[in-house]
Amino acid sequence: MKVAQAGGHPDLVSIDSAKPHQLIKQTTKNELEFYRSIVNQLEYKRLSTDLKPWSDWRPNFYGSLDDQTDNEASIVLENLTYQRPTPKTELFSHPNVIDIKLGQRLYDDHATPEKQERMNKAALETTSAQWGVRLTGAQIWDHSKGIYLNIPKSFGKSVKPDGSDLQNSFNKLFPISDSNQHQEELAYSTGSLSSEILKNIIDQSIIPQIIKIQTYLSSFKWRIYGASLLIVFEADQDVLLSATSHSDQQIFQDLASVKVIDFAHVQLADSPDPGLLKGIQTTLDLFHQLSLQLSLQLASVQLDTQSSS
């Protein structure tokens, strides 16, 4: 079964049709070791600070399969984009999926000199080196056409390394359907969400989750390379209208899921990873700015409505 995803290597991920809420990922023994041991060491050390362990920043791990080699393994993880059979009551139905590569350094200590040179060049030629992020890819649901728009890796690589067009490029991953186009920095598509619903999802679900992840991982003493922040949120207008018709604050909080993924290059260290935290902060800043622009859009639309009435 095909997996809804953005970025990454789709040929390495599959789903057992009998357990669609789980996925099987072909990866390295290093990532298996992360889930079996390293992550427990990282989260356990937080217990000494009287902070409860919290695993919701990453996919749930369900074990591994027997088909392993010396360097490779097949691990069973939570399917973060699981499209549920009863979407009217359970999310997700047609999720938007955004993959953001985190970190300023893209290789671990075991990389060959040739790979180090290649990865350094890749970081310097994109927004990774300066901003700790690269827009890896996205899958955007168009409700009016009933299809997904896939944004490839090349999109993120085309953003200027100094980040001068990073916000505008980021906004293209979050188009709005408003007919009154006031904010030039925003992206518009008739099959997308309204600015009001998108802003609510960002403010009440996505941003709080990123802040919680940032706070939690700021105490991890590790180095992690090649990880991504995977942002998944409901984009089916019918489901959203049904869900948001209730005044329950929890509804909006459940409309999105934010997780760190891809742990093939992790090692313990004596301090938090500055490149990872830089990337998370940049992502948070991008969302705060997008939220502000959506507020201005909503205010402009309201003024238009008042002047025409």
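Going by my numbering, the first residue of the sequence shown is number 363, and it counts up by one from there. Glycine included, every Cβ here is placed at the ideal spot set by N, Cα and C.
So, using beta-carbon positions, are residue i and residue j closer together than 9 Å?
i, j, result
"Ser551", "Pro537", "yes"
"His383", "Asn441", "yes"
"Arg496", "Ile462", "yes"
"Asp598", "Ser455", "yes"
"Pro421", "Ile623", "yes"
"Leu660", "Ser557", "yes"
"Trp419", "Tyr578", "yes"
"Leu652", "Asn533", "yes"
"Gly525", "Lys640", "no"
"Leu464", "Thr645", "yes"
"Phe649", "Ile559", "no"
"Val375", "Leu385", "yes"
"Val628", "Phe396", "yes"
"Ala626", "Asn392", "yes"
"Asn530", "Asp666", "no"
"Leu548", "Leu656", "yes"
"Pro696", "Gln466", "Beyond the ends of the chain as shown, which are 363 and 671, falls residue 696; an answer cannot be given."
"Gln566", "Gln643", "no"
Provide the residue span of the alpha helix (DSSP H) that contains residue i, from first to last.
i, result
"Arg585", "Here Arg585 belongs to no alpha helix (DSSP H); instead the beta strand (DSSP E) covers Trp584 to Ile586."
"Ile695", "In the structure as shown, the chain begins at 363 and stops at 671. Residue 695 is therefore absent and cannot be evaluated."
"Glu403", "Going by the sequence as given, residue 403 is Gln instead of Glu. Element bounds for Gln403: Val401 to Tyr406."
"Glu745", "Only positions 363 to 671 of the chain appear in the structure, and residue 745 is not among them; the question remains open."
"Ser531", "Leu528 to Asn533"
"Ser516", "Lys515 to Lys519"
For the ligand ZN, I want to know if residue i counts as a neighbour, meaning its beta carbon is within less than 8 Å of at least one of the ligand's heavy atoms.
i, result
"Ser580", "Of the ligands one can find in the structure shown there are none, so the ligand ZN has no counterpart to examine."
Taking buried to mean at least 16 other C-beta atoms within 10 Å of its own C-beta, is residue i buried or exposed?
i, result
"Lys561", "buried"
"Leu603", "exposed"
"Lys583", "exposed"
"Glu546", "exposed"
"Tyr406", "exposed"
"Asn458", "buried"
"Lys387", "buried"
"His472", "exposed"
"Val365", "Because the pLDDT at Val365 is just 48, under 50, the model does not fix this residue reliably, and the value given afterwards should be weighed accordingly. Looking at its Cβ environment, which holds 16 or more other Cβ atoms inside 10 Å, Val365 is buried."
"Gln501", "buried"
"Gly508", "exposed"
"Thr474", "exposed"
"Thr389", "buried"
"Tyr589", "This sequence places Ala at residue 589; Tyr is not what is there. Buried, because 16 or more other Cβ atoms sit within 10 Å of the Cβ of Ala589."
"Gly499", "buried"
"Leu654", "exposed"
"Thr431", "exposed"
"Glu476", "exposed"
"Trp503", "buried"
With DSSP as the reference, label residue i as helix, strand or coil.
i, result
"Pro382", "coil"
"Ile377", "coil"
"Pro457", "strand"
"Phe625", "coil"
"Ala631", "coil"
"Met363", "Only weak support is given to the placement of Met363: the predicted model assigns it a pLDDT of 39, under 50, and the value that follows is read from those uncertain coordinates. DSSP places Met363 in coil when its eight states are reduced to three."
"Leu592", "strand"
"Leu639", "helix"
"Phe536", "coil"
"Leu439", "strand"
"Leu464", "strand"
"Ala549", "coil"
"Leu617", "coil"
"Gln388", "strand"
Name the two residues that bound the continuous beta strand (DSSP E) containing residue i.
i, result
"Arg496", "Val495 to Asp504"
"Lys391", "Note, Lys391: premise wrong, no beta strand (DSSP E); alpha helix (DSSP H) at Lys391 to Glu395."
"Gln478", "It is not in any beta strand (DSSP E) - Gln478 instead sits in the alpha helix (DSSP H) that spans Pro475 to Leu486."
"Leu673", "Because the chain in this structure spans residues 363 to 671, residue 673 falls outside the shown range and cannot be described."
"Gly425", "Phe423 to Ser426"
Can you give the beta carbon distance from residue i to residue j, rounded, assuming they're within the 8 Å contact cut?
i, j, result
"Leu555", "Ser581", "The pair is not a contact, with the Cβ atoms about 35 Å apart (cut-off 8 Å)."
"Ser619", "Val601", "Wrong, their Cβ atoms sit about 15 Å apart, outside the cutoff."
"Pro523", "Glu487", "6 Å"
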